[in-house]
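Beneath this line is the structure, given in structure tokens, with notes to follow.
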Amino acid sequence: MMKLKFGYLVNNIYKRRILMRKSILLVSMFVLFLVIVSGCSQKVNDKNILASFDKQVILADELDKEISELPEWKQDKYKDQAGREEYLTLMAESRMILQIAKERKLEKHPTVVKELKEFQDQIMRDKLIEMEVDNKVKVTDGDIEKYYAENKDKYVEPDMVVVTEITQKDEEKAKAVLEKIKAGADFTELAKEMDSKGESYGPGSRNGGKTAPFSRDSYSSAREFVEKAFSMEVGEISDIIVQPLGQETYYMIIRLDEKIPSRQKELSEVKDSVKSTVESEMKDARKAQFVEELKKKMKVQAFPERIPPTPEVKEGEKAQTEQGEVKSETKTESEAKTDTKSEKKKAEKDVILAKIGKQVITLSELEKNISEMPEWKQQRYEGQEGRKKYLNELIEEKLLLLEAKNRKLDKTPELAKQIKEYRDQLMLKELVKQEVDDKIKVQDADIEKYYNEHKKDYIDPEKVTVTEITLKDEEKAKEVMEKIKAGADFTELAKEMDSKGESYGPGQGNGGQTRPFSRDSYSSAREFVEKAFSLNKGEISDIIVQPIGQETYYMIVRLDEHTQPRQKELSEVKDDISWTVEREKKRERIEQWLEQIKKERNFKIYPDRIPKPKEEAKPSEEGTPSQGGQTTEKSAETKQNPEEHQSDNQTKSGVSDTDTKPKE
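Position 512, counted from 1, in the sequence shown is what our numbering calls 664; the numbers after and before it change by one each time, with no gaps.
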């Protein structure tokens, strides 16, 4: 029974989410059930038939088997009677749809054939590597110990230090802090105090200024800080360290708390890492050995020297080519050179670069393969050396595939099942494309109609823009408010505090000014939002106490702009509407198609015949009463009509065999 990932078909078949519940469930079933029962020669008790279409039936034991094969978290969804009925419906729909795909012979569709071949080739190569490499590499404790002994230098913990730091964005403030320290202030307490107020910005932030141990290779973008830390003695306090970081400059004062000398890590500490490294190296070596064995066996000949150098394009010519400005030669000149160039090009493309038994790899094949790769991958094989690298990889791929075919790995039950499942998946993908995607066209008229009918959904809401100053310390917020009341320019004050990293609101990094926001914005800061919308333009608020999580902020805001709701133009929302209309059309189409084929194929569900879940009906040991003091319902039924149950079991055995090997 095939089980496929839901995401694959959603992404590759529909390209869009289908919101309606039934459609989503149908897609899920495309993924979950891709099996068709060819019929059963034995007579089946009608009570066991839970669903039917055409000449196909779904039996009670099949439903239980399907659900039991789901992940446990999915099984929970189908434990009750309603869930089992839902699952049965989707199961039957899926089988019916796959039957249609087979009737249309979609396994012969060019896209299906191409993608299936690629998949089949890949899993055959993977299986061969599993057999000849993965299963033959065994890492022993001796291997691990030997590698560790020979590579001890790779497992050395470097010198490390721990510091306590105070980091400021404002140089004058950093100087004031340093003066306090020189005057006798306790460095630890000062660092903790500034960190608790959010006034320190270094690597010890939120830990009282104390860093975790770090090495010389840490903080690669803050070299001045690192070098100074490693140059100090324990207990020593630095002067101000000027540390550029991106477009910012920080002013740091640090105290060295601890020096941790380098040490050799014990094998017990790194055993898992060493094992992984050894295993990887052993597999690489085994794979290389196996490929060499195949090369000798199949008498591979490679001619990488025949790969021509990649023609160099001069900068001027390249620029002209990109702009489409390169002028063609005159017709006479072109005709004079055509034959020579054509023959030369053809000869180059037909150059044999490798022989693998009776197969050959030509330059044209090499170039074609590379041209079909994504652009990022093509860059890996640029130039003559890149082509040579790809030639080696291509030889290896073909060798592995030939050997896998010689061993008939695609005929093994494991791979045969995977190939069948993937083929069914591709057939369904193509069927839905034909019946849904290809029949949906979104016209401008559809978009305009939807827009006119749903204008209320495309209204830009009422918004405000504010400038804010947000602090973590209430007393400091009161000081700022006094400055504003005394006539300080609010804009300049907000900019100054933001530049020093002393303000923490939504306008941070923009001089305190926010972007326009609606009443639905900042859901965790409702006091701030409500106050902003209650102000008049230019009005400055009192201090707003704003709890967020475990923190409390003190905000002062000024309303800069208040815009009223407006109707968005069609041009602004056209793409969004196109997506919505397409999704709706696909939903309608898939519902219509499903109902149509159900009628044509006499699709029927018999929910009243669905047996209760086995866990509910499971008899207690040796027929003893269950915890409730009564025998289970299933046990009672068995005693009442043992012949009927015997008949059912015989039927189930027959169906199981048929289901395992369905007629194609």
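Just so it is clear, CB atoms sit at the ideal spot from N, CA and C, and this is done for glycine as well.
Between the C-alpha atoms of residue i and residue j, what's the straight-line distance to the nearest angstrom?
| i | j | result |
| --- | --- | --- |
| residue 537 | residue 458 | 12 Å |
| residue 426 | residue 305 | 13 Å |
| residue 739 | residue 602 | 16 Å |
| residue 759 | residue 209 | 14 Å |
| residue 690 | residue 325 | 31 Å |
| residue 626 | residue 238 | 59 Å |
| residue 654 | residue 609 | 40 Å |
| residue 359 | residue 334 | 23 Å |
| residue 218 | residue 606 | 43 Å |
| residue 567 | residue 761 | 36 Å |
| residue 367 | residue 347 | 23 Å |
| residue 379 | residue 340 | 22 Å |
| residue 127 | residue 240 | Any property of residue 127 remains undetermined from this structure, which presents the chain solely from 153 to 816. |
| residue 675 | residue 612 | 18 Å |
| residue 364 | residue 356 | 8 Å |
| residue 652 | residue 321 | 5 Å |
| residue 558 | residue 303 | 41 Å |
| residue 200 | residue 276 | 40 Å |
| residue 377 | residue 344 | 20 Å |
| residue 433 | residue 288 | 13 Å |
| residue 560 | residue 205 | 37 Å |
| residue 327 | residue 415 | 38 Å |
| residue 273 | residue 227 | 34 Å |
| residue 741 | residue 591 | 8 Å |
| residue 765 | residue 230 | 9 Å |
| residue 572 | residue 541 | 34 Å |
| residue 524 | residue 296 | 43 Å |
| residue 448 | residue 301 | 36 Å |
| residue 242 | residue 751 | 16 Å |
| residue 662 | residue 399 | 14 Å |
Does the distance from the C-beta atom of residue i to that of residue j stay below 8 Å?
| i | j | result |
| --- | --- | --- |
| residue 405 | residue 314 | no |
| residue 374 | residue 397 | yes |
| residue 412 | residue 312 | yes |
| residue 696 | residue 679 | yes |
| residue 353 | residue 401 | no |
| residue 551 | residue 508 | yes |
| residue 431 | residue 291 | yes |
| residue 597 | residue 279 | no |
| residue 281 | residue 439 | yes |
| residue 532 | residue 642 | no |
| residue 904 | residue 410 | There is no way to answer for residue 904, as the model of the chain reaches only from 153 to 816. |
| residue 203 | residue 757 | yes |
| residue 546 | residue 518 | yes |
Could you name the residues of the same chain whose beta carbon sits closer than 6 Å to that of residue i, not counting the 5 residues immediately before and after it, in chain order?
| i | result |
| --- | --- |
| residue 284 | 442 |
| residue 267 | 578 |
| residue 665 | 619, 659 |
| residue 299 | 426, 430 |
| residue 455 | 505 |
| residue 763 | 212 |
| residue 323 | 403 |
| residue 236 | 230, 762 |
Can you find a heavy atom of the ligand NAP that lies under 7 Å from the Cβ of residue i?
| i | result |
| --- | --- |
| residue 530 | Ligands in the displayed structure: none, and consequently the ligand NAP is not present. |
Taking 8 Å as the limit between beta carbons, can you name the residues of its chain near residue i, skipping five residues before and five after?
| i | result |
| --- | --- |
| residue 417 | 307, 308, 309 |
| residue 645 | 621, 632, 635, 636 |
| residue 350 | 624, 656 |
| residue 286 | 435 |
| residue 575 | 259, 264, 268 |
| residue 600 | 722 |
| residue 534 | 462 |
| residue 725 | 603, 610 |
Who are the near neighbours of residue i in its chain, counting only those whose CB is closer than 7 Å to its CB and skipping five residues on each side?
| i | result |
| --- | --- |
| residue 677 | 698, 700 |
| residue 253 | 579, 580, 583 |
| residue 271 | 574 |
Taking only beta-carbon positions, decide if residue i is within less than 8 Å of chain B.
| i | result |
| --- | --- |
| residue 256 | Of the chains in the structure shown, none is chain B; there is only one protein chain. |
When the Cβ atoms of the segment 603-620 are set against those of the segment 704-716, are three or more pairs found closer than 8 Å?
Contact holds: three or more Cβ-Cβ distances are below 8 Å.
Does the segment 246-253 come within contact of the segment 576-592, defined as at least 3 CB pairs closer than 8 Å?
With the cut-off at 8 Å, the segment 246-253 and the segment 576-592 touch.
Length-filtered (4 minimum) alpha helix (DSSP H) runs lying within the segment 197-225
Within the segment 197-225, the complete alpha helix (DSSP H) runs of at least 4 residues are 212-220.
Counting Cβ pairs, one atom from each stretch, are 3 or more of them under 8 Å apart for the segment 720-734 and the segment 700-709?
Per the Cβ contact rule, the segment 720-734 is not in contact with the segment 700-709 (fewer than 3 Cβ pairs under 8 Å).
Sufficient close CB pairs (3 or more, under 8 Å) joining the segment 538-550 to the segment 251-265
Three or more beta-carbon pairs separated by less than 8 Å are not found between the segment 538-550 and the segment 251-265, which leaves the two stretches without contact.
Output the residue ranges of the alpha helix (DSSP H) runs that lie fully inside the segment 389-458 and measure 4 residues or longer, sorted by chain position.
The segment 389-458 contains these whole alpha helix (DSSP H) runs: 419-449.
Where in the segment 659-732 do unbroken runs of the alpha helix (DSSP H), each at least 4 residues long, occur, reported from the N-terminal end onward?
If we require 4 residues or more, the alpha helix (DSSP H) runs fully inside the segment 659-732 come out as 678-686.
Where are the beta strand (DSSP E) runs, 3 residues long or more, that stay fully inside the segment 575-661, in chain order?
Taking only runs of at least 3 residues, the beta strand (DSSP E) segments lying wholly in the segment 575-661 are 615-623.
Fully enclosed by the segment 316-375, which alpha helix (DSSP H) runs are 4 residues long or longer?
Runs of the alpha helix (DSSP H) inside the segment 316-375: 323-334, 339-348.
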